[in-house]
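Just add 483 to the spot in the sequence shown (first one is 1) and you have the working numbering. In this text, a Cβ means the ideal position worked out from N, Cα and C, and glycines have one as well. Remember, predicted model here, so these are calculated numbers, not experimental data. The block underneath contains the structure these notes are about, expressed in structure tokens.
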Amino acid sequence: MTGMTQSELANWIALYAATGLCCGIALILSIIVTIGEFHRTRAWTSVKTPADALRLVPRTWWRWQRRYLLSTPVTLLIVGSFAATLSWT
Numbered sequence: 484m485t486g487m488t489q490s491e492l493a494n495w496i497a498l499y500a501a502t503g504l505c506c507g508i509a510l511i512l513s514i515i516v517t518i519g520e521f522h523r524t525r526a527w528t529s530v531k532t533p534a535d536a537l538r539l540v541p542r543t544w545w546r547w548q549r550r551y552l553l554s555t556p557v558t559l560l561i562v563g564s565f566a567a568t569l570s571w572t
């Protein structure tokens, strides 16, 4: 079994860095959008009891998860197109 060449190792590191950067941007944007949606719908007004507050947590988590997971195809497209520009020989 042969090891990776220096250029292959550099390419993989660059791909992981690009993926991390895209995921970080998606994380920040999804948090901003979720906060904006939370504020726009005034979701906290339905909290009257501690049980309501406990039910609000998973609903808020689901809102954020939905926004974050919607970025997956864009992240894959960006990182895939970046990988296509790298020299793998």
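* **Start and end residues, alpha helix (DSSP H) containing Thr555** => Indexing the sequence shown from 1 puts residue 555 at position 72. Thr555 to Thr568 is the span of the alpha helix (DSSP H), which, as asked, contains Thr555.
* Does the pairing of the segment 554 to 562 with the segment 501 to 509 give three or more beta-carbon distances under 8 Å? -> yes
* Would you decide whether Val562 is buried or exposed? Buried here means 16 or more other CB atoms lie within 10 Å of its CB. => The residue labelled residue 562 in the question sits at position 79 within the sequence shown. Val562 comes out buried.
* Alpha carbon to alpha carbon, how far is Trp527 from Tyr499? -> Taking the sequence shown and counting its residues from 1, the one referred to as residue 527 is at position 44. Taking the sequence shown and counting its residues from 1, the one referred to as residue 499 is at position 16. Answer to the nearest angstrom: the Cα atoms are 38 Å apart.
* **CA-to-CA distance, Thr532 to Pro541, given in whole angstroms** => The sequence position of residue 541 within the sequence shown is 58, counting from 1. The sequence position of residue 532 within the sequence shown is 49, counting from 1. In a straight line, the C-alpha of Pro541 is about 16 Å away from that of Thr532.
* Assuming Thr558 contacts Ala493 (C-beta within less than 8 Å), just tell me the rounded distance between them. => As a position in the sequence shown, residue 558 is number 75, starting the count at 1. As a position in the sequence shown, residue 493 is number 10, starting the count at 1. With a Cβ gap of about 21 Å, Thr558 and Ala493 do not count as contacting.
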